[in-house]
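Reminder that position 161 of the sequence shown reads as 163 in our numbering, one-by-one numbering, no gaps.
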Amino acid sequence: MRNAVIVMLIIFNAVCIMVSATLIYSFVSDKNSSGNIGMSKELTNAQIESLNAQVNSLENLNAAQSNTNIVQSNIIQSNTTSAKDAQTVKIDKSKTTVSKVNTSVRGLPILMYHNFYDASKGEKGKDNNYTEISAFAKQMKYLSDNNYYYPSWKEVYEFVEGKKSLPNKSVVVTIDDGSQSFFKLAIPILAKYNVKATSFIITSKIGSKTIAQYESPILEFASHSHDMHRAGKDGKGRFLTMTYDEAYNDLMTTQKIIGSNDVFCYPYGDHNDFTKKMLTVTGYKLALTIIPGRVYPGMDRLTLPRVRMSKGDSLSNFITRVN
Ligand SMILES: [Zn+2]
3 MRNAVIVMLI IFNAVCIMVS ATLIYSFVSD KNSSGNIGMS KELTNAQIES
53 LNAQVNSLEN LNAAQSNTNI VQSNIIQSNT TSAKDAQTVK IDKSKTTVSK
103 VNTSVRGLPI LMYHNFYDAS KGEKGKDNNY TEISAFAKQM KYLSDNNYYY
153 PSWKEVYEFV EGKKSLPNKS VVVTIDDGSQ SFFKLAIPIL AKYNVKATSF
203 IITSKIGSKT IAQYESPILE FASHSHDMHR AGKDGKGRFL TMTYDEAYND
253 LMTTQKIIGS NDVFCYPYGD HNDFTKKMLT VTGYKLALTI IPGRVYPGMD
303 RLTLPRVRMS KGDSLSNFIT RVN
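Okay, structure coming up:
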């Protein structure tokens, strides 16, 4: 049925183009031969009508295609052909209720939070890594109200490998460092809005007891190293300058405490060929950096980018980041 409507609209559109072309041709001929101003004006009005008809038919065609697409491809696809399709069919979003068509070009945002503060209690975030808790609540409410999908790390892995598509509205929420403010302020918000998140903890500071206490269907703990979250010889994260044995022992200890090696988060985002090699040796499937950006199929799964959330981010800013 939809296909029939699309075909009819295409035919209608083609007829409009032909009418328009004929009118333009006669207009040009007339002007060249006689220069009759009255006639030109009349033809111009006819042209405008014809062009309006074409615009309307294109809008109808786009709406029909949007409806088809929303059913058939409401997913983040793992190929790049659809990026071209998205450009070919330009949807005027203000004239259709369908807001997401062919958004495979958008990639998967992995949001990165750190600490939280409560302005209503007079607290002030120390630096840009602090998110005001009522702002965080609004952001999580938005995800919940708009039925976002929170893929597991296994699904993220398959997405990066090009083996799996994800629902269009997919987002991953990560919170680094396991600060007191995360436990006190953010966890209740995640629970309230039923938003699934991953807390990257330094396992020499937060151990199995806390994990057992807080782990839930919506809260997963993952490794931010066992004891690499401090400066090394060169002033950067010490993972970069550790020996093979030091790094190996740290990674094996931390994954034993976490109970999984699905994903690792580089302290300070610092990484190089050595850190990648060590994560491979110890079986990690994914690793997150602080490189800004979204995740696309085909990316290096051991240096994935993230979308940094900062103090003072407005809700509209957030909405742009997850859409
Ligand atoms: Zn950190």
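Backbone N, C-alpha and C fix where the C-beta goes; we use that ideal spot for every residue, glycine too. A quick note: this is a predicted structure, and the numbers were derived from the prediction, not measured.
Classification of residue i by the beta-carbon crowding that lies within 10 angstroms, buried from 16 upward
i	result
Lys-198	buried
Val-30	Confidence in Val-30 is poor, its pLDDT being 37 and thus under 50, which makes the residue's placement unreliable; the coordinate value appears in the next sentence. Exposed, because fewer than 16 other Cβ atoms sit within 10 Å of the Cβ of Val-30.
Tyr-268	buried
Ser-84	With a pLDDT of 39 at Ser-84, under the threshold of 50, the modelled position of that residue is not reliable, and the figure given next carries that caveat. Looking at its Cβ environment, which holds 16 or more other Cβ atoms inside 10 Å, Ser-84 is buried.
Gly-180	buried
Lys-186	exposed
Lys-156	exposed
Arg-1	Only positions 3 to 325 of the chain appear in this structure, which leaves residue 1 out of reach.
Ile-293	exposed
Ile-321	exposed
Ser-316	exposed
Gln-257	buried
Ala-249	buried
Asp-178	buried
Tyr-246	exposed
Ser-318	exposed
Pro-1	Residue 1 is absent from the model: the chain starts at 3 and stops at 325.
Asn-130	exposed
Gly-127	buried
Pro-169	exposed
Gly-314	exposed
Asn-117	buried
Residue i: CB within 6 Å of a non-hydrogen atom of ligand 1
i	result
Asp-178	yes
Sub-7 Å separation of residue i and residue j beta-carbons
i	j	result
Asp-229	Ser-206	yes
Met-311	Thr-176	no
Ile-112	Arg-308	yes
Ile-191	Phe-138	yes
Asp-120	Ile-135	yes
Lys-287	Asp-264	yes
Ile-259	Ser-218	no
Ser-172	Tyr-159	no
His-273	Thr-243	no
Phe-266	Ser-225	yes
Gly-109	Arg-296	yes
Gly-271	Thr-255	no
Tyr-216	Lys-143	no
Met-280	Val-162	no
Pro-299	Gly-124	no
Residues bridged to residue i (per DSSP)
i	result
Asp-178	Phe-202
Met-114	Thr-176, Arg-310
Thr-133	Phe-118
Ala-193	DSSP output for Ala-193 lists no bridge partner at all.
Ser-225	Ile-203, Phe-266
Leu-288	Val-265
Val-324	Val-324 pairs with nothing; no bridge assigned.
Ser-318	DSSP output for Ser-318 lists no bridge partner at all.
Pro-294	Arg-308
Gly-1	No statement about residue 1 is possible, as the shown extent of the chain runs from 3 to 325 and does not include it.
Tyr-151	Ser-172
Gly-239	Ala-233
Ser-218	Leu-221
CB contact check: residue i to chain B, cutoff 7 Å
i	result
Trp-155	The chain inventory of the structure shown lacks chain B, comprising one protein chain alone.
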